[in-house]
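Reviewing the structure listed below.
Protein chains: 2
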Amino acid sequence: MIDSTGLWRYDIGVCYEELEGKETVLECIVTKFGGSSLANDEQFRKVRSILELEPTRRYLVPSAPGKRFKDDEKVTDLLYRCHDLAAEEKPIGAEFAKIRDRYLAIARGLHLNLDVEKELDQVEQGIAGGQNRDWCASRGEYLCGLLMADYLGWKFLDAAKGVVFNEDGTLNDEKTQEKLSALLADGESAVVPGFYGALENGQVMTFSRGGSDITGALVARAVKADVYENWTDVSGFLMADPRIVNAPAEISSITYKELRELSHMGASVLHEDAMFPVRQAGIPTNIRNTNKPYHPGTMISRDAPQEIYVPTITGIAGHKGYSVISVEKSMMNNEVGFGRKVLQVLEDKGISFEHMPTGIDSLCVVVPTSALAPYREEILETITGLVENRGTVSVSDNLSIIATVGRGMVHNCGTAARLFSAMSRARINVRMIDQGSSELSIIVGVNDNDFEATVNAIYHEFVG
Amino acid sequence: MIDSTGLWRYDIGVCYEELEGKETVLECIVTKFGGSSLANDEQFRKVRSILELEPTRRYLVPSAPGKRFKDDEKVTDLLYRCHDLAAEEKPIGAEFAKIRDRYLAIARGLHLNLDVEKELDQVEQGIAGGQNRDWCASRGEYLCGLLMADYLGWKFLDAAKGVVFNEDGTLNDEKTQEKLSALLADGESAVVPGFYGALENGQVMTFSRGGSDITGALVARAVKADVYENWTDVSGFLMADPRIVNAPAEISSITYKELRELSHMGASVLHEDAMFPVRQAGIPTNIRNTNKPYHPGTMISRDAPQEIYVPTITGIAGHKGYSVISVEKSMMNNEVGFGRKVLQVLEDKGISFEHMPTGIDSLCVVVPTSALAPYREEILETITGLVENRGTVSVSDNLSIIATVGRGMVHNCGTAARLFSAMSRARINVRMIDQGSSELSIIVGVNDNDFEATVNAIYHEFVG
Numbered sequence: 003m004i005d006s007t008g009l010w011r012y013d014i015g016v017c018y019e020e021l022e023g024k025e026t027v028l029e030c031i032v033t034k035f036g037g038s039s040l041a042n043d044e045q046f047r048k049v050r051s052i053l054e055l056e057p058t059r060r061y062l063v064p065s066a067p068g069k070r071f072k073d074d075e076k077v078t079d080l081l082y083r084c085h086d087l088a089a090e091e092k093p094i095g096a097e098f099a100k101i102r103d104r105y106l107a108i109a110r111g112l113h114l115n116l117d118v119e120k121e122l123d124q125v126e127q128g129i130a131g132g133q134n135r136d137w138c139a140s141r142g143e144y145l146c147g148l149l150m151a152d153y154l155g156w157k158f159l160d161a162a163k164g165v166v167f168n169e170d171g172t173l174n175d176e177k178t179q180e181k182l183s184a185l186l187a188d189g190e191s192a193v194v195p196g197f198y199g200a201l202e203n204g205q206v207m208t209f210s211r212g213g214s215d216i217t218g219a220l221v222a223r224a225v226k227a228d229v230y231e232n233w234t235d236v237s238g239f240l241m242a243d244p245r246i247v248n249a250p251a252e253i254s255s256i257t258y259k260e261l262r263e264l265s266h267m268g269a270s271v272l273h274e275d276a277m278f279p280v281r282q283a284g285i286p287t288n289i290r291n292t293n294k295p296y297h298p299g300t301m302i303s304r305d306a307p308q309e310i311y312v313p314t315i316t317g318i319a320g321h322k323g324y325s326v327i328s329v330e331k332s333m334m335n336n337e338v339g340f341g342r343k344v345l346q347v348l349e350d351k352g353i354s355f356e357h358m359p360t361g362i363d364s365l366c367v368v369v370p371t372s373a374l375a376p377y378r379e380e381i382l383e384t385i386t387g388l389v390e391n392r393g394t395v396s397v398s399d400n401l402s403i404i405a406t407v408g409r410g411m412v413h414n415c416g417t418a419a420r421l422f423s424a425m426s427r428a429r430i431n432v433r434m435i436d437q438g439s440s441e442l443s444i445i446v447g448v449n450d451n452d453f454e455a456t457v458n459a460i461y462h463e464f465v466g
Numbered sequence: 003m004i005d006s007t008g009l010w011r012y013d014i015g016v017c018y019e020e021l022e023g024k025e026t027v028l029e030c031i032v033t034k035f036g037g038s039s040l041a042n043d044e045q046f047r048k049v050r051s052i053l054e055l056e057p058t059r060r061y062l063v064p065s066a067p068g069k070r071f072k073d074d075e076k077v078t079d080l081l082y083r084c085h086d087l088a089a090e091e092k093p094i095g096a097e098f099a100k101i102r103d104r105y106l107a108i109a110r111g112l113h114l115n116l117d118v119e120k121e122l123d124q125v126e127q128g129i130a131g132g133q134n135r136d137w138c139a140s141r142g143e144y145l146c147g148l149l150m151a152d153y154l155g156w157k158f159l160d161a162a163k164g165v166v167f168n169e170d171g172t173l174n175d176e177k178t179q180e181k182l183s184a185l186l187a188d189g190e191s192a193v194v195p196g197f198y199g200a201l202e203n204g205q206v207m208t209f210s211r212g213g214s215d216i217t218g219a220l221v222a223r224a225v226k227a228d229v230y231e232n233w234t235d236v237s238g239f240l241m242a243d244p245r246i247v248n249a250p251a252e253i254s255s256i257t258y259k260e261l262r263e264l265s266h267m268g269a270s271v272l273h274e275d276a277m278f279p280v281r282q283a284g285i286p287t288n289i290r291n292t293n294k295p296y297h298p299g300t301m302i303s304r305d306a307p308q309e310i311y312v313p314t315i316t317g318i319a320g321h322k323g324y325s326v327i328s329v330e331k332s333m334m335n336n337e338v339g340f341g342r343k344v345l346q347v348l349e350d351k352g353i354s355f356e357h358m359p360t361g362i363d364s365l366c367v368v369v370p371t372s373a374l375a376p377y378r379e380e381i382l383e384t385i386t387g388l389v390e391n392r393g394t395v396s397v398s399d400n401l402s403i404i405a406t407v408g409r410g411m412v413h414n415c416g417t418a419a420r421l422f423s424a425m426s427r428a429r430i431n432v433r434m435i436d437q438g439s440s441e442l443s444i445i446v447g448v449n450d451n452d453f454e455a456t457v458n459a460i461y462h463e464f465v466g
């Protein structure tokens, strides 16, 4: 799909066409660039050339400048430190000088006309003057956005005007959509800094760390983007955890649902809140590498593209540290409501169960060991009461759960056979299996000390 | 284990020793003989020779005489017909003559001294005189027990004195245990007719058809039997339904729990109520063939015997006709109590669920289609309400569930692989998998039209 001579537009066009199953001219792409993509003036130049490759890239959401080298400091960390110094009524000058140098170096390198010194002075005065923690942290993205807008010659939209928070610190999704879409309705190319917004009274609030991904998704939804491009320093997501599997393959295409499954099972991917707005709006997210702009990255879409070749599995993810509460009760299956009562006991302690495999007159409830711990004895006692001397209740720990996810598994009659054969060859005992009928995943439970071996066995069976 | 020269006692002894893991002298066996084992005088003779082979067989629970040939009538059916005639105030003489002939032929063939005519006259008068349906039906076992006690020279204990029913027609388990054990405390060999008992006021009540199995289990528990032998016309249970698998192998040894799993999934084995008393008391049940008295049959025990060779699977059973309610809800896994709420909806309609496989943000509930039918729309509507426009609810029908049961599966890392490979070779798509961590079974869901092929594929993989 990639033409090495640089037929970039064609590439994107094909991706999008596949998603919708029809010829469509791409009209609007929202881009978000992470901190490492904006660490210095050289990275800013890469960003501009990426935007120039595809003129429909008309919105940009920047993070704050990240690390330029391994032991470098992120601007956001420096800002937090300045705030903490100010809160202790200590001078911030020396620390703020590091921030000042970072932005000045970028502005110099790009020959910007913007009066960066003046902006920096205002930020320094704000921090020293006792602005709150969120305001201080948000200045990294704010300043970065100012510089980028000047460099690109685009409009700068302060996120405090478009991203609305509730008093409790959560996003006001509805108001944000209303305000952002109004502010960007003129169609003018714009830079909207990530990570922060404001209460309706104007007080700046931030998302949790990494929240620029969320801002990007909100902007993409507001302008009805065709694609939301999330530019990072990796060429998309990997099929398995590289700490477990040696050099796992990249995922070229995945659905939001598959990604959510992998994410829930421990894969480190996008923040859930950064998927929700675009997933709802049917906008695909494309994870891209700023340092390899021609690499297609990972395309995340609501519906799977109509590919000719669909790999059987999309990814593998898992977790150690689950406990299994096993309940046997004579004639349980003839008793309406027993399973519900067991779940109620957990719910009363605020514990969410992961799986509930059921046999005849027996059921198991799989929960995180850490969630069970504070109430372990109490919960066992209550469930033992439900059993009424007609069975047994026991708990076993050290269960790992591994999800093998892939839309190619559906209606593929050999998938389960291959998966369990691979585990059998690796001499791994299966403690639990859970596969629902509408599922994109097979979930297996193994002993914690078989966790890594299981992930590898499954990976190498399906990926090679 | 079987010595063809007839070392029968040794054989039983070994069985029992295996069950308890120690040398034990068998002191007491309770036998129950089914209708076909008591159909005529020749069968009575077989019964006596079986009892003589093993003197510790000291109690006998008979059914009523069954069919002697394919189109013959069972005595119990004839008795019901007499009752119905009497209820319509029609003469019963011609119909009762058939019953009379059956018992007289047995008594003649065995040269009994008992005044059978007198007993038959009393029964006929009782039916004609308006005795209730249960009393009439129970006379088949009553008369059969009288004849057998006379033939063996054993004590006859009328079940009406020892088996106590509650007013609502259910068994009074506690009183029955109390009375039966007191009445049999003298240790004298006794015949106790099956199928019936009485209210405390003496009114005769029957179990459901086939209830003599229950009487046998109650007697076995009352006398603390070492083994409860259930003599029938088959040499034990089969590993699969012979209507699906051609000439399936017999099960030589099985636990009550395994049997319950197969029974619940549709295998036609013992009535649940006939297992409960002996299972609780730790008494093994031995299914035997009256016509092949040296065949060891199927031994059902509470704990698995310490066999040298444990077959991987014990049996396969399944059902067609399930429906799957599939629920997807965005971020469901982050919501405590959602699964419980879905089960509550079913419970409110008195529906028991079979399985609940869960994915990430999705769950399926498997229920019998027939149980769902009367409330289908209402239940879907209620669950749709729980989803709050953040997901979908759908139902698909025509799911078969197949349980592959076997204690040899535990800690056998290749079982799942073999099972799913066999299904894959047969081109069967897996719609659902459920295996809990303490389970003796793997449960798979397939399309109804793959049901027979699945049972055969699994059977031939493990049994050959």
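Those sequence lines, one after another, are chains V and S.
For this note's numbering, add 2 to where a residue sits in the first sequence, where the first one is 1.
For this note's numbering, add 2 to where a residue sits in the second sequence, where the first one is 1.
Backbone N, C-alpha and C define an ideal beta-carbon position, used for all residues, glycine too.
The model shown is predicted, which means the values in this text are computed figures rather than measured ones.
CA-to-CA, the gap between V329 (chain S) and Y258 (chain S) works out to about 35 Å. Nearest in C-alpha terms to G132 (chain V), of all of V:E90, V:G164, V:R102, is V:E90. The beta-carbon of S402 (chain V) is placed no less than 9 Å from the nearest beta-carbon of chain S. Put simply, of V:E260, V:A373, V:I52 the residue whose alpha carbon is nearest the alpha carbon of T300 (chain V) is V:E260.
Approximately 17 Å separates the beta-carbon atoms of F98 (chain V) and E143 (chain V); this is outside 8 Å, ruling out the contact. In this structure, the straight-line span from the alpha carbon of A200 (chain V) to that of K163 (chain V) is close to 7 Å. At least one CB of chain V lies nearer than 9 Å to the CB of G352 (chain S). About 6 Å separates the Cβ atoms of Y82 (chain V) and A139 (chain V), confirming a contact at the 8 Å cut-off. Pairing R290 (chain V) with T234 (chain V) gives a Cβ-Cβ distance under 9 Å. In the structure shown, A41 (chain S) adopts coil according to DSSP, grouped into three states.
For M333 (chain V), at least one C-beta of chain S is nearer than 9 Å to its own C-beta. Residue state for R59 (chain S) is assigned as strand, using DSSP reduced to three classes. Collapsing the DSSP output to three states places P376 (chain S) in a helix. About 6 Å separates the beta carbons of S402 (chain V) and G320 (chain V), which is inside the 8 Å limit, making them a contact pair. Taking C-alpha positions only, T316 (chain S) is separated from E252 (chain S) by approximately 9 Å. Residue ranges of uninterrupted beta strand (DSSP E) with 3 or more members, entirely inside the region 244 to 316 of chain S and ordered along the chain, are 255 to 257, 287 to 291, 300 to 303. Take the alpha-carbon of G408 (chain V) and the one of V236 (chain V): they are about 22 Å apart.
When the beta-carbon positions are compared, L348 (chain S) and F340 (chain S) stay at least 9 Å from each other. For L382 (chain V), no CB of chain S lies under 9 Å from its own CB, so it is not counted at the interface with that chain.
The C-beta distance from D136 (chain V) to V206 (chain V) rounds to 5 Å, short enough to fall under 8 Å.
A check of alpha carbon separations from Q45 (chain V) across V:A109, V:R60, V:C84 identifies V:A109 as the nearest. Sequence-ordered contacts of the region 417 to 437 of chain V with chain S read T417, A418, A419, R420, L421, F422, S423, A424, M425, S426, R427, A428, R429, I430, N431, V432, R433, M434, I435, D436, Q437 [C-beta pairs closer than 9 Å]. The continuous beta strand (DSSP E) containing C366 (chain V) extends over residues 364 to 370. Counting only residues of its own chain and dropping the five nearest sequence neighbours on each side, R141 (chain V) has a CB closer than 7 Å to the CB of L81, V125. Not flagged as an interface residue toward chain S: G238 (chain V), since no C-beta distance is shorter than 9 Å.
With 16 or more other Cβ atoms inside 10 Å of its own Cβ, F464 (chain V) counts as buried. When the five nearest sequence neighbours on each side are left out, the beta carbons in the same chain lying within less than 7 Å of the beta carbon of E263 (chain S) are those of A405, V407, L442, S443, in order along the chain.
If only uninterrupted alpha helix (DSSP H) runs of at least 4 residues are considered, those enclosed by the region 170 to 256 of chain S are 175 to 185, 214 to 224.
In this chain, the beta strand (DSSP E) harbouring M434 (chain S) covers 434 to 437. Per DSSP, G155 (chain S) is not a residue of any alpha helix (DSSP H), being assigned neither H nor E.
It is roughly 12 Å from the alpha-carbon of L382 (chain V) to the alpha-carbon of S398 (chain V). Residue contact check for M301 (chain V) against chain S: no CB pair falls below 9 Å.
Per DSSP, H85 (chain S) has no beta bridge partner at all. Considering only S:P250, S:Y461, S:A373, the residue with the shortest C-alpha distance to K351 (chain S) is S:A373.
DSSP places F71 (chain S) in no beta strand (DSSP E); its state is neither H nor E. Going by beta carbons, T314 (chain V) and M425 (chain V) fall outside the 9 Å limit.
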